[in-house]
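Trainee: Here it is: the structure, laid out below.
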Amino acid sequence: MKKISQRKRIVVKVGTSTLTHSTGMINIRKLEHLVKVLSDLKNSGKEVLLVTSGAIGVGCGKLGINTRPCDTPSKQAVAAIGQCELMYFYDKKFAEYNHTVAQVLLTKDIVQDDIRKTNCQNTFVKLLSLGVIPIINENDTISVEEIEFGDNDTLSAVVATLVDADFLVILSDIDGLFDKNPSLYPDAKLIPKVNAIDDYIISLADGSGSKHGTGGMITKIHAAQIANSAKIDMAIINGKDPDILYDLFEDKEVGTLFLSNE
Ligand code: ADP
């Protein structure tokens with residue numbers, strides 16, 4: 008197996024609970040830190056793609072709404088407001104490290120429609136060849152059930168397969184996959200490595216996610232299935248301190264690795 012430190016093209020997914028405070032407002036310290044680490048990884052020679060959640064959370068924060076709206080027009084409107092704010096932040100902060108970002112908003116029809124898929128792949132290839140960091144999110148404003156990914160864990164795995172990534176990292180609010188839900192069982196143990204995603208592994212994902220996140224552990228395992236079947240290894244690590252990305256790419260044991268065993 009190629010060492011993780013040797014992987015060049017990496018997709019990093021960051022969830023709402025890592026990006027925002029419980030108020031929904033941007034967690035400036037964490038997000039600035041994440042941008043700094045990703046910029047540094049890029050400087051070290053990696054190609055970086057960032058899949059970011061948070062548009063609805065940030066939109067709610069900006070509007071001072073405490074609970075996420077339930078009806079589709081409100082959700083889509085809030086996402087449009089939040090996406091703008093989120094990209095403004097990323098653009099400004101990555102620019103401080105001399106990196107250019109590009110916004111890519113996707114819906115599921117890119118995997119269903121060959122022409123769209125090819126267009127999307129070509130765009131990614133071009134952006135990466137220009138040295139740009141693509142920042143990807145679901146296109147919430149036009150997403151309806153038939154064309155939505157539904158969660159960014161799945162979206163990040165699809166992006167990883169589209170760009171033929173060398174590695175996928177999911178930054179979560181938890182250290183990795185545990186043998187039971189650690190929010191309920193303090194004695195839960197971290198599983199450092201998963202070599203095959205079987206019924207036992209799937210059964211470990213308990214309930215849905217946090218207040219502002221949407222996926223929970225099951226969508227992360229699902230993402231690992233998509234990535235692994237395309238021979239892409241994946242890790243779930245804790246996003247509370249983005250420096251953990253240095254550890255991961257220095258081959259230190261962190262989080263849970265899902266290995267494709269190619
Ligand atoms: P994020 O917003 O960071 O993407 P989520 O809240 O969607 O994260 O998913 C992570 C959550 O999944 C954990 O905080 C935990 O409450 C829950 N969870 C359920 N089962 C497990 C498990 N077996 N191991 C780890 N976390 C689990």
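Adding 7 to a residue's 1-based position in the sequence shown gives its number in the working numbering.
Where a beta carbon is used, it is the ideal one built from N, C-alpha and C, also for glycine.
1) If you follow the beta strand (DSSP E) that residue 239 is in, where does it begin and where does it stop?
2) Starting from residue 170, follow the beta strand (DSSP E) in both directions and report where the run begins and ends.
3) Between residue 79 and residue 21, is the Cβ-Cβ spacing less than 7 angstroms?
4) Give every residue of the same chain whose Cβ lies closer than 6 angstroms to the Cβ of residue 187, excluding the five residues on either side of it in the sequence, and list them in chain order.
5) Can you check the region 54-138 for any beta strand (DSSP E) of at least 3 residues that lies completely inside it and give the ranges in chain order?
6) Consult DSSP for residue 20 and reduce its assignment to one of helix, strand or coil.
7) Could you check whether the Cβ of residue 180 sits closer than 6 angstroms to any heavy atom belonging to the ligand ADP?
8) Within 10 angstroms of its Cβ, does residue 141 collect 16 or more other Cβ (buried), or is it exposed?
9) Note down the Cα distance separating residue 68 from residue 45, rounded to an integer number of angstroms.
10) Under DSSP, the alpha helix (DSSP H) around residue 202 begins and ends at which residues?
11) By how many angstroms is the C-alpha of residue 64 removed from the C-alpha of residue 75?
12) Per DSSP, what kind of secondary structure is residue 197 in: helix, strand or coil?
13) Any heavy atom of the ligand ADP within a distance shorter than 6 angstroms of the CB on residue 212?
14) Using C-beta distances below 6 angstroms, list every residue in its chain close to residue 97, excluding the 5 sequence neighbours before and after it, in chain order.
15) Write down the C-beta distance between residue 255 and residue 11 rounded to the nearest angstrom, noting that I regard them as a contact closer than 8 angstroms.
16) Would you call the CB atoms of residue 137 and residue 54 closer than 7 angstroms?
17) Going by other Cβ atoms of all chains shown within 10 Å of its Cβ, with 16 needed for buried, is residue 37 buried or exposed?
18) Verify whether the separation of the beta carbon atoms of residue 202 and residue 266 is less than 7 angstroms.
19) Can you say whether residue 147 is buried or exposed, counting buried as having 16 or more other CB atoms within 10 angstroms of its CB?
20) Find out if the Cβ-Cβ distance for the pair residue 66, residue 85 is shorter than 7 angstroms.
21) Put residue 145 into one of helix, strand or coil per three-state DSSP.
22) For the candidate residues 246, 17, 9, 205, whose alpha-carbon lies nearest to that of residue 170?
23) Following a CB-centred definition, is residue 224 positioned closer than 6 angstroms to any heavy atom of the ligand ADP?
24) Any heavy atom of the ligand ADP closer than 6 angstroms to the CB of residue 190?
25) For residue 25, does the three-state DSSP call read helix, strand or coil?
26) How big is the Cα-Cα spacing for residue 217 and residue 34?
Mentor: Here's the rundown:
1) Walking along the sequence shown from the start, residue 239 turns up at place 232. Premise fails: residue 239 is in no beta strand (DSSP E) and is neither H nor E.
2) Along the sequence shown, one-based indexing puts residue 170 at 163. Neither: residue 170 is in no beta strand (DSSP E) and is coded neither H nor E.
3) Here residue 79 refers to the residue found at position 72 of the sequence shown. Here residue 21 refers to the residue found at position 14 of the sequence shown. For residue 79 and residue 21, no; Cβs fall outside 7 angstroms.
4) In the sequence shown, the residue the question calls residue 187 occupies position 180. Once the five neighbours on either side are set aside, the close Cβ partners of residue 187 are 195.
5) 54-59, 108-113
6) Your numbering for residue 20 matches position 13 in the sequence shown. Correct three-state label for residue 20: strand.
7) As a first step, residue 180 must be located in the sequence shown, where it is residue number 173. Because some heavy atom of the ligand ADP lies under 6 angstroms away, the Cβ of residue 180 counts as near it: yes.
8) Your numbering for residue 141 matches position 134 in the sequence shown. So residue 141 ends up on the buried side.
9) In the sequence shown, the residue the question calls residue 68 occupies position 61. In the sequence shown, the residue the question calls residue 45 occupies position 38. If I take the Cα positions, the gap works out to 25 angstroms.
10) As a first step, residue 202 must be located in the sequence shown, where it is residue number 195. Run containing residue 202: none; DSSP gives neither H nor E here.
11) Locating residue 75 in the sequence shown gives position 68, where the first residue counts as 1. Locating residue 64 in the sequence shown gives position 57, where the first residue counts as 1. Between residue 75 and residue 64, the C-alpha separation is close to 7 angstroms.
12) As a working mapping, residue 197 is identified with position 190 in the sequence shown. Note: residue 197 maps to strand in three-state DSSP.
13) Numbered from 1 along the sequence shown, position 205 holds the residue referred to as residue 212. Yes; taking the cut-off as 6 angstroms, the Cβ of residue 212 has a heavy atom of the ligand ADP nearer than that.
14) Reading the sequence shown from its first residue, position 90 is the one you call residue 97. Excluding residues within five positions, the ones whose Cβ falls inside 6 angstroms are 108, 142.
15) Within the sequence shown, numbered from 1, the residue matching residue 255 stands at position 248. Within the sequence shown, numbered from 1, the residue matching residue 11 stands at position 4. Confirmed, about 6 angstroms.
16) As a working mapping, residue 137 is identified with position 130 in the sequence shown. As a working mapping, residue 54 is identified with position 47 in the sequence shown. No, these two residues do not count as a Cβ contact at 7 angstroms.
17) Reading the sequence shown from its first residue, position 30 is the one you call residue 37. With 16 or more Cβ atoms within 10 Å of its Cβ, residue 37 is classed as buried.
18) As a first step, residue 202 must be located in the sequence shown, where it is residue number 195. As a first step, residue 266 must be located in the sequence shown, where it is residue number 259. Yes, Cβ-Cβ distance for residue 202 and residue 266 is below 7 angstroms.
19) Start at 1 with the first residue of the sequence shown, and residue 147 comes out as number 140. Buried, by the Cβ-count rule.
20) Here residue 66 corresponds to residue number 59 of the sequence shown, with the count starting at 1. Here residue 85 corresponds to residue number 78 of the sequence shown, with the count starting at 1. Contact flag set, yes.
21) Along the sequence shown, one-based indexing puts residue 145 at 138. Here residue 145 sits in strand by DSSP.
22) Mapped onto the sequence shown, residue 170 falls at position 163. Per the Cα distances, 17.
23) Indexing the sequence shown from 1 puts residue 224 at position 217. Flag set: Cβ of residue 224 near the ligand ADP.
24) Locating residue 190 in the sequence shown gives position 183, counting from the first residue. Indeed, a heavy atom of the ligand ADP lies less than 6 angstroms from the Cβ.
25) The count along the sequence shown starts at 1 and reaches residue 25 at position 18. Three-state result, residue 25: helix.
26) Along the sequence shown, one-based indexing puts residue 217 at 210. Along the sequence shown, one-based indexing puts residue 34 at 27. Residue placement at residue 217 is flagged as unreliable, the pLDDT there being 47, under the threshold of 50; a coordinate-derived value is accordingly withheld.
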